[in-house]
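Colleague: In terms of our numbering, the sequence shown opens at residue 75 and continues consecutively. The C-beta atom is built at its ideal place from N, Cα and C for all residues, glycine as well. Got a structure for you, questions after.
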Amino acid sequence: MRATFLTEGTSQTGYGHLSRIKSLYQAAESLGMDCFILANYDANASIYMNGLNTKNFDWKDQPTESIAYINNSNLVFFDSYQVGIEVLREIVSNSVNSIKFAYIDDFNRLDYPNGIIINYSIGSNLEMYENQSGRKSYLLGPKYALLARDYWQLLSKKSSEIREKVETVLITFGGADNANLTKVALETLVKNFPSIVFEVIIGPGNTSFEFFPLNNERIRFNRALSISDMKTLIERSDLCLTACGHTTYEIAATGRPMIAILTADNQKLNAQGWKAEGIPVLNGLDSNFSDNLAEIFKSTLPIEVRKSLSKIVSDSVDPSGAINVVRTIVASN
Numbered sequence: 075m076r077a078t079f080l081t082e083g084t085s086q087t088g089y090g091h092l093s094r095i096k097s098l099y100q101a102a103e104s105l106g107m108d109c110f111i112l113a114n115y116d117a118n119a120s121i122y123m124n125g126l127n128t129k130n131f132d133w134k135d136q137p138t139e140s141i142a143y144i145n146n147s148n149l150v151f152f153d154s155y156q157v158g159i160e161v162l163r164e165i166v167s168n169s170v171n172s173i174k175f176a177y178i179d180d181f182n183r184l185d186y187p188n189g190i191i192i193n194y195s196i197g198s199n200l201e202m203y204e205n206q207s208g209r210k211s212y213l214l215g216p217k218y219a220l221l222a223r224d225y226w227q228l229l230s231k232k233s234s235e236i237r238e239k240v241e242t243v244l245i246t247f248g249g250a251d252n253a254n255l256t257k258v259a260l261e262t263l264v265k266n267f268p269s270i271v272f273e274v275i276i277g278p279g280n281t282s283f284e285f286f287p288l289n290n291e292r293i294r295f296n297r298a299l300s301i302s303d304m305k306t307l308i309e310r311s312d313l314c315l316t317a318c319g320h321t322t323y324e325i326a327a328t329g330r331p332m333i334a335i336l337t338a339d340n341q342k343l344n345a346q347g348w349k350a351e352g353i354p355v356l357n358g359l360d361s362n363f364s365d366n367l368a369e370i371f372k373s374t375l376p377i378e379v380r381k382s383l384s385k386i387v388s389d390s391v392d393p394s395g396a397i398n399v400v401r402t403i404v405a406s407n
């Protein structure tokens, strides 16, 4: 069998699409499939694409030419915020009938062509898709979280060990951090919590961040991390501060307590879902973000609070969700 993936990843679009497509690629490959990625991506995307069978091609602007790349496939996955419905319809309607099409969706963005909609957001439900037309099936919720192979081994883990005191905090605001929230969060937390060390991830598309003095021993900057390195940083942190996107599921898979920050409209469903589960969620674009962050951060420091947050996230996510997706689609009629 062959699985083909169509996606994008640039400093303008962010790199989350590449991360979750990579997880599906690895899952399909682990199940014995041939895999191929057709994507429009920039030089910063290399940390996601290394070692994979890919072609850098803007398939959204050349749908007719794209069909030749997928017609020998059994499964085709789309993950894009940029593609329009007409392009999707052209590709699907002119491809061979035996292909199963799947669409990774975060907020019911389009009335997709016939196929399978994947939305692993913790806030997803069938009601949000009641206006979809045609023949659709749905894979919804964190049972289908698209996490990389590095996280699959965590399937049988119990709630993570939680230290008495918070010594190390991870800060990550995604690949681009267009609102420069990394700087705002650091200014707030370094000033108010002088005994904590901050591991700060600077994403590949982050061009606005102004570095703090490099001789500050309490701030450690991390760039160009592999998935394995990212997982290691998460696991050794006592608390994680993260944008409310894909990384929340990586953190949840490790069982680390977290504070989630809404940084874009396409994260609203995640934010609502995590908040409903009991995870602290803040609006990073709120004018009072700095004050709110200091207050919420302080409230999560007690060990019993962090133990509770750890259990919530551990119980919420299946680390092998990408394998669940591929197996379910292969078995579907």
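Do you know offhand how far residue 112's Cα is from residue 296's?
Modeller: The sequence position of residue 112 within the sequence shown is 38, counting from 1. The sequence position of residue 296 within the sequence shown is 222, counting from 1. Approximately 29 Å, taken between the alpha carbons.
Colleague: What are the start and end residues of the beta strand (DSSP E) that includes residue 194?
Modeller: Locating residue 194 in the sequence shown gives position 120, counting from the first residue. Residue 194 -> no beta strand (DSSP E), and no H or E assigned at all.
Colleague: How is residue 372 classed by DSSP in three states: helix, strand or coil?
Modeller: Within the sequence shown, residue 372 is the residue found at index 298, counting from 1. Reduced to three states, the DSSP call for residue 372 is helix.
Colleague: Tell me the rounded alpha-carbon separation between residue 185 and residue 321.
Modeller: As a first step, residue 185 is located in the sequence shown; it is residue number 111 there, counting from the start. As a first step, residue 321 is located in the sequence shown; it is residue number 247 there, counting from the start. About 27 Å.
Colleague: To the nearest angstrom, how far is the alpha carbon of residue 384 from that of residue 354?
Modeller: Working through the sequence shown from its first residue, we reach residue 384 at position 310. Working through the sequence shown from its first residue, we reach residue 354 at position 280. Looking at the two C-alpha atoms, the distance is approximately 12 Å.
Colleague: Would you call the stretch 292 to 310 and the stretch 150 to 167 in contact, with 3 or more CB pairs under 8 Å?
Modeller: In short, these stretches do not touch, since the Cβ pair count stays below three.
Colleague: With a 10 Å radius around its C-beta and 16 neighbouring C-beta atoms as the bar for buried, classify residue 125 as buried or exposed.
Modeller: As a working note, residue 125 is residue 51 in the sequence shown. Burial call: exposed.
Colleague: Please state whether DSSP places residue 272 in a helix, a strand or coil.
Modeller: To locate residue 272, count along the sequence shown from 1; it is residue 198. Three-state result, residue 272: strand.
Colleague: Can you say whether residue 100 is buried or exposed, counting buried as having 16 or more other CB atoms within 10 angstroms of its CB?
Modeller: Counted from its first residue, the sequence shown places residue 100 at position 26. Buried: at least 16 other Cβ atoms inside 10 Å.
Colleague: In this structure, does DSSP put residue 199 in helix, strand or coil?
Modeller: The residue given as residue 199 occupies position 125 in the sequence shown. Residue 199 falls in the coil class under three-state DSSP.
Colleague: Ignore the nearest five residues each way along the sequence and tell me which others in residue 144's own chain have a CB closer than 8 Å to its CB.
Modeller: Numbered from its first residue, the sequence shown carries residue 144 at position 70. So the list reads 78, 80, 112, 150, 165, 169, 173, once near-sequence residues are dropped.
Colleague: Can you check whether the CB of residue 83 is closer than 8 Å to the CB of residue 117?
Modeller: As a position in the sequence shown, residue 117 is number 43, starting the count at 1. As a position in the sequence shown, residue 83 is number 9, starting the count at 1. No, the pair does not count as a contact, with Cβ atoms beyond the cut-off.
Colleague: Mind pulling the alpha helix (DSSP H) runs of 4 or more residues that sit fully within the stretch 77 to 109?
Modeller: Counting only runs of 4 or more, we get 90 to 104.
Colleague: Residue 105: buried (16+ other C-beta within 10 angstroms of its C-beta) or exposed?
Modeller: Within the sequence shown, numbered from 1, the residue matching residue 105 stands at position 31. So residue 105 ends up on the exposed side.
Colleague: What is the rounded straight-line gap between the Cα of residue 342 and the Cα of residue 380?
Modeller: Indexing the sequence shown from 1 puts residue 342 at position 268. Indexing the sequence shown from 1 puts residue 380 at position 306. Rounded to whole angstroms, residue 342 to residue 380 spans 24 Å at the Cα level.
Colleague: Under a Cβ-count criterion, where at least 16 other Cβ atoms within 10 Å of its own Cβ denotes burial, should residue 352 be classed as buried or exposed?
Modeller: For the purposes of this step, residue 352 is taken as residue 278 along the sequence shown, with counting starting at 1. Exposed.
Colleague: By alpha-carbon positions, which one of 398, 298, 182 ends up nearest to residue 339?
Modeller: By 1-based counting over the sequence shown, the position of residue 339 is 265. That would be 182, whose Cα lies nearest to the Cα of residue 339.
Colleague: Using CA atoms only, rank isn't needed, just tell me which of 122, 108, 132, 237 is closest to residue 277.
Modeller: In the sequence shown, the residue the question calls residue 277 occupies position 203. The shortest C-alpha separation from residue 277 is found at 122.
Colleague: Going by alpha carbons, who is nearest to residue 346 out of 195, 256, 115, 130?
Modeller: For the purposes of this step, residue 346 is taken as the residue at position 272 of the sequence shown. Out of 195, 256, 115, 130, 195 has the C-alpha closest to the C-alpha of residue 346.
Colleague: Out of curiosity, what's the CA-to-CA distance linking residue 362 and residue 262?
Modeller: As a working note, residue 362 is residue 288 in the sequence shown. As a working note, residue 262 is residue 188 in the sequence shown. Those two C-alpha atoms are separated by around 12 Å.
Colleague: Tell me which residue opens and which closes the beta strand (DSSP E) that residue 176 is part of.
Modeller: Here the question's residue 176 lines up with position 102 in the sequence shown. Unbroken beta strand (DSSP E) run through residue 176: 174 to 178.
Colleague: Since residue 305 and residue 365 should fall inside the 8 Å C-beta cutoff, what is the C-beta to C-beta distance between them, to a whole number of angstroms?
Modeller: Translated into the one-based positions of the sequence shown, residue 305 becomes position 231. Translated into the one-based positions of the sequence shown, residue 365 becomes position 291. With 8 Å as the limit, residue 305 and residue 365 do not qualify as a contact, their Cβ atoms being about 32 Å apart.
Colleague: Quick one, are the C-beta atoms of residue 356 and residue 325 less than 8 Å apart?
Modeller: In the sequence shown, residue 356 corresponds to position 282, counting from 1. In the sequence shown, residue 325 corresponds to position 251, counting from 1. No; because the gap between Cβ atoms is not below 8 Å, this pair is not in contact.
Colleague: Does residue 332 come out as helix, strand or coil in the three-state DSSP assignment?
Modeller: Residue numbering aside, residue 332 sits at position 258 when the sequence shown is read from its first letter. Correct three-state label for residue 332: strand.
Colleague: To which residues of the same chain is residue 377 closer than 7 Å at the C-beta, ignoring the five residues directly before and after it?
Modeller: Residue 377 sits at position 303 when you count from the first residue of the sequence shown. Once the five neighbours on either side are set aside, the close Cβ partners of residue 377 are 236, 238.
Colleague: Is residue 214 helix, strand or coil by DSSP?
Modeller: Stepping through the sequence shown from its first residue, residue 214 is reached at position 140. Correct three-state label for residue 214: strand.
Colleague: So, for residue 266: in the same chain, excluding its five sequence neighbours on each side, which residues have a beta-carbon less than 6 Å away from its beta-carbon?
Modeller: In the sequence shown, residue 266 corresponds to position 192, counting from 1. Around residue 266: 368.
Colleague: Whole angstroms is fine: what's the gap from residue 141's alpha carbon to residue 393's?
Modeller: Position 67 of the sequence shown, counted from the first residue, corresponds to residue 141. Position 319 of the sequence shown, counted from the first residue, corresponds to residue 393. Cα to Cα, the separation comes out at about 32 Å.
Colleague: What ranges does the beta strand (DSSP E) occupy inside the stretch 112 to 181, keeping only unbroken runs of at least 3 residues that lie completely in it?
Modeller: Here the runs fully enclosed are 128 to 130, 149 to 153, 174 to 178.
Colleague: Exposed or buried, residue 179, counting other C-beta atoms within 10 Å across all chains shown (16 or more means buried)?
Modeller: In the sequence shown, residue 179 corresponds to position 105, counting from 1. Buried: at least 16 other Cβ atoms inside 10 Å.
Colleague: Note the first and the last residue of the continuous beta strand (DSSP E) segment covering residue 357.
Modeller: Translated into the one-based positions of the sequence shown, residue 357 becomes position 283. Element bounds for residue 357: 355 to 357.
Colleague: For residue 232, which residues of its own chain have a beta-carbon under 7 Å away from its beta-carbon, when the five flanking residues on both sides are left out?
Modeller: Counting from one through the sequence shown, the residue named residue 232 turns up at place 158. With a pLDDT of only 47 at residue 232, under 50, the local geometry of the prediction cannot be trusted, and no value is derived from it.
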